[in-house]
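Just so we're aligned: the sequence shown equals residues 20 to 386 in our numbering.
A virtual CB, placed ideally from N, CA and C, is assigned to each residue, including glycine.
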Amino acid sequence: MTGSCRDKVENGLLPVLMHMASTATPFDLQDLTTRLVFDMTAAPLFSVDPGLLSPNMPPMDAAAAMDTVMEVALFRHTVPASCWKAMRRLNIGPERKLAAAHTVLGGFIEEMMEKRKKKEHVANEGDPSSVDILSSYIDDPDYQQNDGLLHATLINYTIAGRDMIGTALTWVFYNLAQNPHVMSAIRNELSPIASRKAATGANNSSTMVIFEPEETKSLVYMRAALHESLRLHPPVPIERKTAVADDVMPSGHVVHAGDTLLISLHFMGRMEGVWGKDCREYNPDRWLSEDGKKLRYVPSHKFLAFSSGPRLCLGKDVSFMQMNTIVAAMVWNFDVEVVEGQRVQPKMSCVLQMKNGLMVKLKKRDM
Ligand code: HEM
Numbered sequence: 020m021t022g023s024c025r026d027k028v029e030n031g032l033l034p035v036l037m038h039m040a041s042t043a044t045p046f047d048l049q050d051l052t053t054r055l056v057f058d059m060t061a062a063p064l065f066s067v068d069p070g071l072l073s074p075n076m077p078p079m080d081a082a083a084a085m086d087t088v089m090e091v092a093l094f095r096h097t098v099p100a101s102c103w104k105a106m107r108r109l110n111i112g113p114e115r116k117l118a119a120a121h122t123v124l125g126g127f128i129e130e131m132m133e134k135r136k137k138k139e140h141v142a143n144e145g146d147p148s149s150v151d152i153l154s155s156y157i158d159d160p161d162y163q164q165n166d167g168l169l170h171a172t173l174i175n176y177t178i179a180g181r182d183m184i185g186t187a188l189t190w191v192f193y194n195l196a197q198n199p200h201v202m203s204a205i206r207n208e209l210s211p212i213a214s215r216k217a218a219t220g221a222n223n224s225s226t227m228v229i230f231e232p233e234e235t236k237s238l239v240y241m242r243a244a245l246h247e248s249l250r251l252h253p254p255v256p257i258e259r260k261t262a263v264a265d266d267v268m269p270s271g272h273v274v275h276a277g278d279t280l281l282i283s284l285h286f287m288g289r290m291e292g293v294w295g296k297d298c299r300e301y302n303p304d305r306w307l308s309e310d311g312k313k314l315r316y317v318p319s320h321k322f323l324a325f326s327s328g329p330r331l332c333l334g335k336d337v338s339f340m341q342m343n344t345i346v347a348a349m350v351w352n353f354d355v356e357v358v359e360g361q362r363v364q365p366k367m368s369c370v371l372q373m374k375n376g377l378m379v380k381l382k383k384r385d386m
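Following this line, the structure appears as structure tokens:
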């Protein structure tokens, strides 16, 4: 995943951004990051690059189907189960849309598996590019006997990668644009790495700097800036849990076995009792030790963006690797300006996407 991320940044993202900067055309950053991360996720999963980031590539039906899955999931959280189950049986309303989306996603997975198979004939044994995540499932007897489970797992991976990181990155740039001092602090942290690369000639491009995933791993300020954005704008805004037994919550509320609990990660990230008086401010310093050199320990039950406990997000480390690499490349090489006068508001969905996207303009920075 690291190799795929790094290649996509160098050969996909930066050329597209350079083009946008040279034409000074405003564009929807959310659309771009979602396409980028879709490609980045699919490549190591299927050994096939859907190529969505290529200029003029039309939106993919599978991408729209993923949006539908997330929107209908929120609908299911908000109505009694008997209601959506009846709609599913009658194939009406949002449930009809969901069934259609599942058909599209099933077709997408089949298509990717077919393309992968064709590629397998060409690939030599031992070729590292033919090793993908799917291989580990195909060889697993549990999955061999259950096509539905394999499809669901692959769709889960694709949605987890595309939606979460695509959404998280859009909010990161929204927050950075409103807080230029944070953008400067990230550049200061990147500066010694860029100088070292220039001195040793380690950079492939003369006009742009590409930061290797390994190089950005230990950058604490950048990590703090990402955490702070995820606190205020968690890509998964609601966690749903079901009580397995009667219990009393620490707040004193009684829950009964079978009750559904909806936990708003979005509001938890903005509670004064949890984060203090400045809870609504974007302030990466709250994540840093007194001397600013280390990240403070914050338990996952306080910072719930990746959930907590045994069902903690499995993609957390991958997420930071991808976000670090993308943010470093964009922040160092470009000034990102959010177009004024647009209404930024969340969409009604299980993913905190922006309803109207985020229009931005780019300017190449002088090196
Ligand atoms: C900023 C990025 C991401 C955020 C904020 C995030 C957040 C979450 C959250 C809140 C859950 C728990 C969902 C629930 O309990 O219903 C979860 C689960 C999961 N995530 Fe992520 N995720 C991110 C990226 C990724 C990526 C890139 C992958 C895979 C490559 C991934 C794979 C998974 C998997 C497999 C689970 C299920 C874990 C389990 O149930 O045992 N996530 N994620």
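Neighbour-count burial assignment, residue i, 16 or more Cβ in a 10 Å radius
i, result
"A347", "buried"
"T97", "exposed"
"R215", "exposed"
"A120", "buried"
"I205", "buried"
"V228", "buried"
"I157", "exposed"
"D151", "buried"
"T226", "exposed"
"L153", "buried"
"S368", "buried"
"N302", "buried"
"M106", "buried"
"Y316", "exposed"
"L117", "buried"
"T279", "exposed"
"G180", "buried"
"N30", "exposed"
"M268", "exposed"
"A81", "buried"
8 Å Cβ cutoff met for residue i and residue j
i, j, result
"P253", "M340", "no"
"R242", "L314", "yes"
"V123", "I178", "no"
"L281", "R259", "yes"
"V274", "D266", "yes"
"L48", "L377", "yes"
"L71", "V35", "no"
"P78", "V379", "no"
"V357", "Y193", "yes"
"A67", "R135", "Residue identity differs from the one stated: residue 67 is Val in this sequence, not Ala. Yes, Cβ-Cβ distance for V67 and R135 is below 8 Å."
"T344", "T219", "no"
"V363", "L381", "no"
"T261", "G277", "yes"
Extent of the continuous alpha helix (DSSP H) run through residue i
i, result
"E231", "Run containing E231: none; DSSP gives neither H nor E here."
"I184", "No alpha helix (DSSP H) holds I184; DSSP gives it neither H nor E."
"M202", "199–219"
"K27", "21–27"
"H246", "239–251"
Residue i - containing beta strand (DSSP E), residue span
i, result
"T261", "257–261"
"L379", "Position check: residue 379 holds Val in this sequence, whereas Leu was assumed. V379 -> beta strand (DSSP E) spans 378–383."
Residue ranges of each alpha helix (DSSP H) run of no fewer than 4 residues wholly in the stretch 284–369, ordered along the chain?
284–287, 291–294, 335–352
Whole alpha helix (DSSP H) runs in the stretch 97–179 with 4 or more residues, listed along the chain?
100–109, 112–141, 152–157, 160–163, 166–178
Runs of 3 residues minimum, wholly inside the stretch 32–95: which ones carry the beta strand (DSSP E) assignment?
none
Taking one C-beta from the stretch 314–329 and one from the stretch 233–252 each time, how about it: are there three or more such pairs within less than 8 Å?
yes
Quick check: the stretch 184–199 against the stretch 52–65, are there 3 or more CB pairs under 8 Å?
yes
Using a Cβ distance threshold of 8 Å, determine whether the stretch 22–35 contacts the stretch 57–68, with at least three qualifying pairs required.
yes
The stretch 370–381 / the stretch 188–208 touching (three or more Cβ pairs under 8 Å)
yes
Are three or more beta carbon pairs between the stretch 195–213 and the stretch 148–161 nearer than 8 Å?
no
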